[in-house]
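Colleague: In the working numbering, the protein residues as written are 624 to 1279. Just so it is clear, CB atoms sit at the ideal spot from N, CA and C, and this is done for glycine as well. Computed from a predicted model, the values in this text were never measured in an experiment.
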């Protein structure tokens, strides 16, 4: 028996794994009608976002350069006015980029006499349709075609290759879009956490968490639906991912801030008296940072959605292609041969990165949803009737009441206002969460030392009380209350300013002090040394018989109200030191309430002389406003510009 020599081993068949389509054939092919709809939608989107961002930029301009509005930049704890020019430049630059892009839409389409995206328009001179001559373009994909001596060209060639891999038609599109989603989810998670601590509106927290969860789950779910193994499927998948990401950005960047602040703008335009409610103002103080920036880092976080949306729109432009004729331009035979080829090392690396990022996003969504459910449906302690604004932050101690606005009503609680009684009322809430404290109807109020533990306090209102004592260890200071912005003593028996407010360590953000409906008749001569930052001082319905001369030594004052005081005369030189003064509320029943020459009045100062005989004169100064602002504040008549003396409608004098 003859033995045949052993031959070469039989070849082992390679295992071919389909890979995701890539390259220039990956596009979103649509009909002419759909193409026109997409073109119009992207054009309107560019114009709308540009207008929205421009409006935000102009809002910063108003906060910076319009005196009556710049006051709120400090009241609402925004970044300093010195940083606003940089913020304004950033917003205006982003708006300009969007407007330029919208103009390119129109110019490109007019130039080519058909709707066309700037990203897909051919460069150079347009060839007539009848011309059969083809332009020969150098192939930059071959490194040998580049000059060997040019290191710059070789570097640019490598960068171009990386860009093509990571572009909307490249192999690494999905890892790159998922990396962007991770960044967006991280930013949105931080902002949602801030929302939970700054907004008492349940829908804001619910929508924020829902957007994060949808952002985490959208890419894995869409991949299962479309199975992008062919160029048309890959194009539809990538276009859908970009559209979903774009919609989520718009809801986060535009819809939530607009819906959140629509009630405030409505009341501001109507001049509604609800603006003087403590809870309304505190809600504004907490929620305004949702739209505007409070730090330089926050500026970048606020602009990120606009920048991300811009590049997302560009990717949709590059991906969209209009179908010509009745069939698709997709070469199926070429795609099948490419998809049957073995996966390259780069493809295997891409798949591993995608898998890791996909699992990261899914875990992130699960964690955020779990934290939200626990904070809103499991760990929900009752705050009691005294809490006017209850918050539900993500992380808090079990059984702790996170209250942003607390009212201690001595009449309702049947207490006299001793230090121990006030401290007992404060123990029911988390001290760091409290932003506004109202103490009302206390016949003998002793302000306790526990006041110094309220470091997050923004506003303090003492209403219809007789202040018997103020603990020396609880002054209103920058150490204990760094965020304090407003102190109000209304319908309160005080013959002099409390010592807790007369020191050089007042909070730098304390811009407004109101002592309204009191028996205060004089101000300390050294008040200017204690209140150097105060811009608004309301001394309505007091016992002043002459204009306090110390007010002329307070250069930061922008608004002074002396409504309801029997001041017969304002000296000519009384306000020479008030270089920033814009509003002076004043009324008198005598014949000569104002100086005849009024030499102290600057062109931008307005004096409100409600009821003054000077208003009966035919020719009166242009700076004098004589209209009476008489209105009813929940049934209580008020003539003051700031109806704080009518707050008994909000806190009835008889209690509840």
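Ignore the nearest five residues each way along the sequence and tell me which others in residue 1074's own chain have a CB closer than 6 Å to its CB.
Modeller: 1097
Colleague: Could you name the residues of the same chain whose beta carbon sits closer than 7 Å to that of residue 1057, not counting the 5 residues immediately before and after it, in chain order?
Modeller: 1026, 1027, 1029, 1077, 1079 and 1080
Colleague: Quick check: the segment 1001-1013 against the segment 826-836, are at least 3 beta-carbon pairs closer than 8 Å?
Modeller: In short, these stretches do not touch, since the Cβ pair count stays below three.
Colleague: Do you know whose CA, among 1094, 804, 1089 and 730, lies nearest residue 935's CA?
Modeller: Checking every option, the nearest Cα to that of residue 935 belongs to 804.
Colleague: To the nearest angstrom, report how far apart residue 1003 and residue 818 are at their CA atoms.
Modeller: One alpha carbon belongs to residue 1003, the other to residue 818, and they sit about 17 Å apart.
Colleague: In whole angstroms, give me the CA-to-CA distance for residue 858 and residue 832.
Modeller: 29 Å
Colleague: Here's a check: name, in chain order, each residue in its chain whose Cβ is nearer than 8 Å to the Cβ of residue 665, leaving out the five neighbours to either side.
Modeller: Around residue 665: 728, 740, 936, 939 and 940.
Colleague: Taking the alpha-carbon positions, what's the residue 1334 to residue 1068 distance?
Modeller: Only positions 624 to 1279 of the chain appear in this structure, which leaves residue 1334 out of reach.
Colleague: My assumption, with CB atoms under 8 Å, is that residue 1200 sits in contact with residue 1171. Please give the rounded CB distance.
Modeller: No, residue 1200 and residue 1171 are not in contact; Cβ-Cβ is about 12 Å, not under 8 Å.
Colleague: Am I right that residue 1184 and residue 1161 are in contact with their C-beta atoms under 8 Å? What's the rounded C-beta distance?
Modeller: 4 Å
Colleague: In terms of DSSP beta bridges, what is residue 1026 paired with?
Modeller: 1013
Colleague: Going along the chain, which unbroken runs of the beta strand (DSSP E) with 3 or more residues stay wholly within the segment 1028-1063?
Modeller: 1059-1063
Colleague: What residue range is occupied by the uninterrupted alpha helix (DSSP H) comprising residue 720?
Modeller: 707-735
Colleague: Assign residue 1067 to one of three DSSP states: helix, strand, or coil.
Modeller: Residue 1067 falls in the coil class under three-state DSSP.
Colleague: Looking only at its chain, what residues have a beta carbon closer than 8 Å to the beta carbon of residue 845, apart from the 5 residues adjacent to it on each side?
Modeller: Closer than 8 Å at the Cβ level, and outside the excluded window around residue 845, lie 860, 863, 864 and 867.
Colleague: Per DSSP, which residues does residue 820 bridge with? Please list them.
Modeller: DSSP, once it has assigned bridges, lists no residue as partnering residue 820.
Colleague: Taking Cβ positions, are residue 875 and residue 914 nearer each other than 8 Å?
Modeller: Taking 8 Å as the Cβ cut-off, residue 875 and residue 914 do not qualify as a contacting pair.
Colleague: At what residues does the beta strand (DSSP E) containing residue 1093 begin and finish?
Modeller: 1090-1093
Colleague: In terms of DSSP beta bridges, what is residue 1160 paired with?
Modeller: 1136 and 1183
Colleague: Just curious, the alpha helix (DSSP H) that residue 937 is in, first and last residue?
Modeller: 919-942
Colleague: Distance check for residue 656 and residue 1060, CA to CA, integer angstroms please.
Modeller: Rounded to whole angstroms, residue 1060 and residue 656 show a C-alpha spacing of 60 Å.
Colleague: Out of 1209, 992 and 649, which has the shortest C-alpha to C-alpha gap to residue 816?
Modeller: 992
Colleague: Consult DSSP for residue 807 and reduce its assignment to one of helix, strand or coil.
Modeller: helix
Colleague: Looking at residue 946 and residue 653, is the spacing between their C-beta atoms short of 8 Å?
Modeller: yes
Colleague: Out of 1033, 988, 1053 and 1042, which has the shortest C-alpha to C-alpha gap to residue 1020?
Modeller: 1053
Colleague: With which residues is residue 1112 paired in a DSSP beta bridge?
Modeller: 1085 and 1138
Colleague: Where residue 1192 and residue 1167 are concerned, what is the direct C-alpha to C-alpha distance, given to the nearest angstrom?
Modeller: When the Cα atoms are used, residue 1192 and residue 1167 turn out to be separated by approximately 11 Å.
Colleague: Here's a check: name, in chain order, each residue in its chain whose Cβ is nearer than 8 Å to the Cβ of residue 842, leaving out the five neighbours to either side.
Modeller: 797, 800, 801, 804, 864, 981 and 984
Colleague: Does the Cβ-Cβ distance between residue 1042 and residue 1071 come in under 8 Å?
Modeller: In contact: residue 1042 and residue 1071 (Cβ atoms closer than 8 Å).
Colleague: Can you tell which of 710, 726 and 658 has its C-alpha closest to the C-alpha of residue 671?
Modeller: Taking only the C-alpha atoms, the option nearest residue 671 is 726.
Colleague: Going by CA-CA distance only, name the one from 870, 879 and 1121 that's closest to residue 912.
Modeller: 879
Colleague: Just how far apart, CA to CA, sit residue 591 and residue 931?
Modeller: The chain is shown only over 624 to 1279; residue 591 falls outside these bounds and no answer can be derived.
Colleague: Express the C-alpha separation of residue 1147 and residue 714 in angstroms, rounding to a whole number.
Modeller: 45 Å
Colleague: I think residue 814 touches residue 909, with their Cβ atoms under 8 Å apart; what is that distance to the nearest whole Å?
Modeller: With a Cβ gap of about 14 Å, residue 814 and residue 909 do not count as contacting.
Colleague: By a C-beta neighbour count over all protein chains shown, 10 Å radius and 16 as the cutoff for buried, is residue 1211 buried or exposed?
Modeller: Note on residue 1211: pLDDT 48, under 50, position unreliable in the model; no value is reported.
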